[in-house]
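The next block holds one structure in the form of structure tokens; read it before the comments.
Chains as they are written, first to last, in the working numbering: chain G, 451 to 834; chain E, 7 to 480.
In structure tokens:
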């Protein structure tokens, strides 16, 4: 395919540059205490493409190594690992997703993401207007089933479910290909101790903790602020997922139709999650804006901003809908909220959410690898 | 973020304590003086990004400890530290100052941590030194970032690109410094000064006074900003010299390293795994004489005395993975002769040297890089006394080597309050020195991993306190 020739070359250049930098790092090793990348690097003497792909996705972008590096630019060795690893991750996220054309489009600018979001909102809006007429869209609906009088239940559930299945498929295939390309063996892919270790690292964001003083973000001062906002975002998002799941259970098994009372579990989970998500994403956006651009990558920045922005819009439109659900604005807000959610789903495989998949896979690989090293050390009496 | 351009605020005309230099010793002095309540100004000769002198290239600090913490694996009592120091210096030390350094190092773990330095837990790669030395998380630049951040919080002013050119000294008393700031000549008065501006190893014309044109072939591993201007000014204005001007500490580095600032990554430890020849294709020293610390300390000097100040390490495929990877890929060839030619040497001569070496190996030895093993040569000049195994398995690998100068030993003489001793034998009332500029008082010769930072931190604190005290009384 002609279309992929250019990105392949770009990836080759990036891998070559990462190899150059890692060769310097491996002769230095001063950063080995910061995160999992460096002990993993030290197990290697040369860096194959598979090694670099793995190390780049193991990196949490805490940037401590950049600020501590005596060879960082303007030094002539120009070592800037967070930058080159970010660039490789951008390539990873799209190379392992499908179809790549859409990946490329979404990746390249926040503008495209906003355009897709607006298109989705307009589509939902137009759909309701044409199917139900302005009387329904701009009318006031209260009581059980109020939302479904505006957007029918099937229309609200079936399209997202299809997209979700597609997304899960894309991520599963991506994860398998990533595992294969980083030379992971099939039997190691399902190691429960490795899952446990990787999950602890991921859910606690261990590598943004540093030595307990945090990471160097948005600038060279150590701080916990990024991890805190990420936790707000992730756990807020999780609460919203729980809320949606509970609502689905209510609907299917108990035949209770939304809107639910303010004191109901779906609303409680949803609103706490929504507020946490708004705080987390607003905080992360602010940090992005403040962040030092030198150890970063402009494309990754666009990817991040698109994703965080749409998360923020999802949460804030949901909260607004909750606040005004008994008014005539409900229909419009519902259309906007659902449009944003639709856009969010469509863009998942091509956006920043992919970091969950590949970083987690890298953490599993790291857990497997380090356990093997610890066992070998124990066998050789390597004292600690 | 720090203000790299020194801001638009006026440069002060006078301060309590002026610290000249921006490395470990200078910042310890600045912090200690500030803690004593003095108003402190730091003049760092480098731009902000390259601040920290040679300290930015350091990795670990040696300190005496009679208890274990999370960051060291065992005890390191005073006597053992002293014995190590005597061994490497061959007794070339001032015992009072050395004992003071050792004893005062005991609280460095806490003191440095309180002032922004983060420690790293022992990992696989640091185990050989993890009992005696504390490793900084992120190494020397991480340490310097911590110091500077603490200094900022405590209200210490730092001027970057501030080149101290001359010290105005009358009768052993400091009056003001002449400094170039943003291309402008300024004079800054101070009640007391701490000279912590490093050695002169980056000043090639100065090295040439002792080494002639050979110095053009030296590689300076550390900062290009250690030009010795402050040292020269002090010596010219009556400070007593300490140490031999010709002496420096040098290690073998890759000949392809940049002239300045290549730091840790250019060092090579392939020497014991093969042979080393000079540009004439001849061996010149026992490559298997001793382990890492000693070997590390002498090979730079050995190469500095070879023609063209260059040498070539030759090894084969059996041992290529035995040492830390180098930042430069080895030169590779299918035969020894071809390898020699690629490195610009005479192929036949080097082939002959390798064949003679291989023939001289006493058979039956068992190779063990962890021991002074019994693999050796016989009736060869010079013999290789350990780790001598035949160089026979292609492909063959070669590294060009040059002397990499780490630091110079000559400095000023100080007393136990870090006061600079003047020609008349009396200490200056308001001038102190710390770090590389006086480290030769303690480490007069040789090398002990992490002891440069020990001396810098201990004497930095002493000098800073002394300067604050002196400033108060003036």
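Built from N, CA and C at the ideal position, the CB exists for glycine as well.
On a predicted model such as this, the values are computed, not experimentally measured, just so you know.
In the displayed model, residue 170 of chain E falls within a strand according to three-state DSSP.
The beta carbon of residue 427 of chain E is closer than 8 angstroms to those of 245, 246, 418, 419, 420, 421, 433 and 434 in its chain, skipping five residues each way along the sequence. The beta carbon of residue 696 of chain G is closer than 6 angstroms to those of 715 and 716 in its chain, skipping five residues each way along the sequence. Residue 472 of chain G and residue 463 of chain E have their C-alpha atoms roughly 32 angstroms apart. The Cβ atoms of residue 481 of chain G and residue 144 of chain E sit closer than 8 angstroms to each other. Under the 8 angstroms Cβ criterion, the stretch 256–274 of chain E counts as touching the stretch 516–529 of chain G, having at least three qualifying pairs. For residue 162 of chain E, the secondary structure class from DSSP, reduced to helix, strand or coil, is coil. No Cβ of chain G is located within less than 8 angstroms of the beta carbon of residue 262 of chain E. In the structure shown, the three-state DSSP call for residue 510 of chain G is coil. Rounded to the nearest angstrom, the gap between the Cα atoms of residue 509 of chain G and residue 649 of chain G is 15 angstroms. Using a Cβ distance threshold of 8 angstroms, residue 160 of chain E and residue 78 of chain E do not count as a contacting pair. It is roughly 33 angstroms from the alpha-carbon of residue 536 of chain G to the alpha-carbon of residue 136 of chain E. Here residue 285 of chain E carries a coil assignment [DSSP, helix/strand/coil]. Secondary structure of residue 321 of chain E (DSSP, three-state): strand. Look at residue 495 of chain G here: in three-state DSSP terms it is coil, with no helix or strand label.
Taking all protein chains shown into account, residue 222 of chain E has fewer than 16 neighbouring C-beta atoms within 10 Å of its C-beta and is therefore exposed.
In terms of Cα proximity to residue 233 of chain E, the closest of E:389, E:176 and E:169 is E:169.
Annotation for residue 115 of chain E: no beta strand (DSSP E) segment contains it, though the alpha helix (DSSP H) segment containing it runs 114–120. When the alpha-carbon of residue 280 of chain E is set against those of E:294, E:290, E:288 and E:108, the nearest one is in E:294. With 16 or more neighbouring CB atoms inside 10 Å of its own CB, residue 359 of chain E falls in the buried class. Within 9 angstroms of the CB of residue 674 of chain G, no CB atom of chain E is found; the nearest one sits about 15 angstroms away.
By the neighbour-count criterion, in which a residue is buried when 16 or more other Cβ atoms sit within 10 angstroms of its Cβ, residue 651 of chain G is buried. Excluding the 5 residues flanking it on each side, residue 777 of chain G has same chain C-beta neighbours closer than 7 angstroms at 590, in chain order. Separation of the CB atoms of residue 446 of chain E and residue 249 of chain E is rounded to 4 angstroms, and the pair is thereby assigned contact status at 8 angstroms.
DSSP places residue 139 of chain E outside any alpha helix (DSSP H); the residue lies instead in the beta strand (DSSP E), whose first and last residues are 139–142. Residue nearest to residue 31 of chain E within the set E:107, E:343 and E:366 is E:107 (criterion: CA-CA distance). Using a Cβ-Cβ cut-off of 8 angstroms, residue 775 of chain G does not count as an interface residue toward chain E, since no Cβ of chain E sits closer than that to its own.
Between residue 633 of chain G and residue 500 of chain G, the gap from beta carbon to beta carbon is short of 8 angstroms.
Within the same chain, 451 and 452 come within 8 angstroms of residue 96 of chain E by CB-CB distance, once the 5 residues on both sides are set aside. Scanning chain G for C-beta atoms nearer than 9 angstroms to the C-beta of residue 270 of chain E yields 477, 478, 479, 480 and 520, reported in chain order.
Taking 8 angstroms as the cut-off, the beta carbon of residue 666 of chain G is found no closer than this to the beta carbon of residue 506 of chain G.
In the three-state scheme derived from DSSP, where H, G and I count as helix and E and B as strand, residue 200 of chain E is classed as strand. Taking C-beta atoms as the reference points, residue 254 of chain E and residue 411 of chain E count as a pair closer than 8 angstroms.
Bounds of any alpha helix (DSSP H) do not take in residue 267 of chain E, whose DSSP letter is neither H nor E. Closest by C-alpha distance to residue 483 of chain G, out of E:429, E:64, E:125 and E:367, is E:125. By the beta-carbon neighbour count (other beta carbons within 10 angstroms, threshold 16), residue 608 of chain G is exposed.
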